[in-house]
Amino acid sequence: MVIQWYPGHMAKAKREVSEQLKKVDVVFELVDARIPLSSRNPMIDEVIQHKPRVVIFNKKDMSNLKEMQKWFAFFKEKGAVSVAVDAKHGKGLKQVESAAIEATREKFEREKAKGLKPRAIRAMIVGIPNVGKSTLINKLANRTIAQTGNKPGVTKQQQWIKVGKSLQLLDTPGILWPKFEDQTIGKKLSLTGAIKDSIVHLDEVALYGLSFLIEHDYEGLITHYAINVEPDADPIDWFDAIGRKRGLIQKGNEVDYEAVIELIINDIRNAKIGTYCFDLYHQFQEDNHNG
Ligand code: G4P
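With the numbering used here applied, the sequence shown corresponds to residues 8 to 298, in that order.
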């Protein structure tokens, strides 16, 4: 889905989501498990404020569990419950309801103490485009409700979907914008398909992905492409080796670099080489220490 974000548009999306949030007890903040920090909306804390929150790491099938667990701890410290799911294949969905119960326990205990009758927990999903909001809603509802390609903010006619015994989910997600300002985040968003149009040059995205893999999964990389290139070789040597091996050659026996770039990006986006979490917790800590 390609959405053009501009300031007025962002303000409207934020206002609409804030309005919808008044109807719910808990927010499901959906992030991409491969970039649990970089796939967050930059104003999300301001939007959600103190409402109970479950951070749902979607696309866990394409990420790295060990790294994800570090981020679970990070969110726990901020008072949010985390769960990891694979909405596409319907994995981990039961945890969503139990996480919602956990996140809202205090609120419902307070209601009970005031003598209010027990009722279903009301929730809505919020996240940037392409993190899998519609896929998750459809899977939780067990039918097709949310259309992919929906507009930012939220649509008008909304309904509650019953999920499990104790949860009611708003059938339309809140769509907020990703972080555009930071080049590295832009590359990660592109590498995971959150942004398909080019706010970052694709050659830079491919180079970023390639250097991440050389550092974190060199063996997986050379095995996948059946090539033999030293880790510290020039990037062009990597491109040449991959291009020649795959027959991505153009006139004059030159390697078709555009095709190689596209191949690398698609292979990473579709987790063909391996499953990675590109947001590294130790890196985040170092960056924060250095201001
Ligand atoms: P959105 O509403 O947040 O914009 O996202 P949407 O549900 O449209 O999902 C975006 C893409 O992510 C879709 O792929 C969807 O299938 C995929 N996806 C969602 N959840 C998961 C998951 O847990 N694991 C994996 N591997 N993929 C997931 P697409 O290429 O746009 O469509 P399609 O090829 O699946 O039809």
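By construction, the Cβ of each residue, glycine as well, lies at the ideal position given by its N, Cα and C atoms. Since the model is a prediction, treat every value here as computed from it, not as a measurement.
Is it the case that the Cβ atoms of Gln-165 and Leu-177 are separated by a distance below 8 Å? Using a Cβ distance threshold of 8 Å, Gln-165 and Leu-177 count as a contacting pair.
What are the partner residues of Glu-36, as DSSP defines its beta bridges? According to DSSP, Glu-36 bridges with Val-62 and Val-133.
Quick one: what does DSSP say Asp-239 is sitting in, helix, strand or coil? Of the three classes helix, strand and coil, the one that applies to Asp-239 here is coil, per DSSP.
Should Thr-111 go down as buried or exposed, given a rule of 16 or more other Cβ atoms within 10 Å for buried? Counting C-beta atoms within 10 angstroms of its own C-beta, Thr-111 has 16 or more neighbours from the protein chains shown and is therefore classed as buried.
Distance, Tyr-232 Cα to Val-260 Cα: It should be noted that the sequence gives Asn, not Val, for residue 260. Looking at the backbone, the Cα of Asn-260 and that of Tyr-232 are separated by about 20 Å.
So, at 6 Å on beta carbons, what are the nonlocal neighbours of Val-88 in its own chain, with the 5 sequence-adjacent residues on each side left out? Taking C-beta separations shorter than 6 Å and ignoring five residues to either side along the sequence, the partners of Val-88 in its chain run Val-61, Ala-106, Glu-109 and Ala-110, following chain order.
How far does the beta strand (DSSP E) with Val-170 in it reach, from first residue to last? Taken as a continuous stretch (DSSP letters only), the beta strand (DSSP E) holding Val-170 covers 167-170.
Any idea what DSSP makes of Lys-4, helix, strand or coil? Nothing can be reported for residue 4: it is not among the residues displayed for the chain, which extend from 8 to 298.
The stretch 262-282 in contact with the stretch 237-252 per 3-pair CB rule at 8 Å: Taking one beta carbon from each stretch, the stretch 262-282 and the stretch 237-252 have 3 or more pairs nearer than 8 Å; the two touch.
Selection from Pro-43, Val-31, Ala-91 and Arg-47 that minimises the alpha carbon distance to Glu-188: Ranking the options by Cα distance to Glu-188, first place goes to Arg-47.
Please classify Ile-256: does DSSP put it in a helix, a strand, or coil? Strand at Ile-256.
Tell me which residues share the same chain as Asp-210 and place their Cβ nearer than 6 Å to its Cβ, disregarding the 5 neighbours each side in the sequence. Within the same chain, Cβ atoms closer than 6 Å to the Cβ of Asp-210 are found at Ile-268, the five residues on either side in sequence being excluded.
Let me check one thing: in DSSP terms, what residues is Lys-19 bridge-paired to? Beta-bridge pairing by DSSP links Lys-19 to no other residue.
Pop quiz: Tyr-225 and Glu-74 are said to be a contact at Cβ under 8 Å. What is the actual Cβ separation, rounded to whole angstroms? About 17 Å separates the Cβ atoms of Tyr-225 and Glu-74, ruling out a contact at the 8 Å cut-off.
Taking the beta carbon of Thr-230 as the centre, do at least 16 other beta carbons fall within 10 Å, making it buried, or is it exposed? Answer is exposed; the Cβ neighbour count stays below 16.
So the beta strand (DSSP E) Ala-91 belongs to, where does it begin and stop? For Ala-91, the enclosing beta strand (DSSP E) begins and ends at 88-91.
Determine the contact status of Ala-37 and Leu-143, defining contact as a CB-CB distance below 8 Å. Note on residue identity: the sequence assigns Leu, not Ala, to residue 37. Yes, the pair counts as a contact, with Cβ atoms nearer than the cut-off.
Check whether the Cβ atoms of Phe-285 and Met-131 lie closer than 8 Å to each other. The answer is no: Cβ separation not under 8 Å.
Using 10 angstroms around the beta-carbon of Arg-41, count the other beta-carbons present and answer buried if the total reaches 16, otherwise exposed. Classification for Arg-41: buried.
Using CA coordinates, which residue listed in Ile-275, Gly-181, Ser-25 and Asn-137 is at the minimum distance from Ala-201? Among Ile-275, Gly-181, Ser-25 and Asn-137, the Cα nearest to that of Ala-201 belongs to Asn-137.
Applying the 10 Å Cβ sphere with the 16-neighbour rule, what's the burial state of Gly-122? Classification for Gly-122: exposed.
Quick check: the stretch 214-224 against the stretch 167-176, are there 3 or more CB pairs under 8 Å? Verdict: no, contact absent.
Is Gly-181 a contact residue of the ligand G4P, with contact defined as CB to any heavy atom under 7 Å? Not one heavy atom of the ligand G4P falls within 7 Å of the beta-carbon of Gly-181.
Please identify the residue among His-57, Tyr-13 and Glu-104 whose C-alpha is closest to the C-alpha of Lys-85. It is His-57 whose Cα lies nearest to the Cα of Lys-85.
Would you kindly report the start and end of the unbroken beta strand (DSSP E) that includes Leu-174? Judged by DSSP secondary structure, Leu-174 falls within the beta strand (DSSP E) whose first and last residues are 174-177.
Would you say Leu-72 and Phe-291 are within 8 Å of each other, going by their C-beta atoms? In terms of Cβ geometry, Leu-72 and Phe-291 do not form a close pair [threshold 8 Å].
Which residue wins for smallest C-alpha separation from Pro-180, given the options Ile-243, Met-50 and Gly-139? Of the candidates Ile-243, Met-50 and Gly-139, the one whose C-alpha sits nearest the C-alpha of Pro-180 is Gly-139.
Among the candidates Arg-150, Lys-203 and Ala-120, whose CA atom is the shortest distance from the CA of Ala-94? It is Arg-150 whose Cα lies nearest to the Cα of Ala-94.
With a 10 Å radius around its C-beta and 16 neighbouring C-beta atoms as the bar for buried, classify Asn-235 as buried or exposed. When all chains shown are included, Asn-235 counts as exposed.
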